[in-house]
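In full-length UniProt numbering, the protein residues as written are 1 to 152.
Laid out in structure tokens, this is it:
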């Protein structure tokens, strides 16, 4: 499910009615809990939270014209997805999240390398997502990205 939008508000306006509330609440949870320095935008046709070029001029190694991505939110065909690059790059953060998830949600965690999939909008663990968002500053993400991901 691809949504062409120029702003996060426009993205949400174009969502099916049954997804708007959950995506809005997920977006607000991320916005209200990320440390200062990240910026919200549309990137890769999703709602994105990135390290702007003003903090990290090198940008994303795959396309340096783009800011360094950190979190994305997308409404996919069969689920709502939260993509968190820190979970992919930091084993301790990943393990913390996987361990904490069952304390918040009774259903099994559906997760890829950086993608957390929510098929049921009623079981999105907003409090856990809020805590996850608070765990990494832009500076910490840049250092981790340069150490573990960026190709020289």
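Even glycine gets a Cβ: it sits at the ideal position worked out from N, Cα and C.
- Residue 114 carries a coil assignment under DSSP once its states are collapsed to helix, strand and coil.
- Residue 101 places its beta carbon less than 8 Å from that of residue 125.
- Under the three-pair Cβ rule at 8 Å, the region 65-81 counts as touching the region 112-120.
- Membership of residue 74 in the beta strand (DSSP E) is indicated by the continuous run 68-75.
- In this chain, residue 105 is not harboured by any alpha helix (DSSP H), its DSSP state being neither H nor E.
- In this structure, the alpha-carbon of residue 74 lies about 8 Å from that of residue 23.
- If you draw a 10 Å sphere on the C-beta of residue 62, you find fewer than 16 other C-beta atoms in it, and that means exposed.
- DSSP places residue 44 outside both helix and strand once states are collapsed to three, so it counts as coil.
- DSSP, reduced to helix, strand and coil, places residue 82 within a strand of the structure shown.
- For residue 22, the enclosing alpha helix (DSSP H) begins and ends at 17-33.
- Close CB contacts of residue 14 within its chain, under the 7 Å cut and outside five residues either way in sequence, are with 3 and 5 (chain order).
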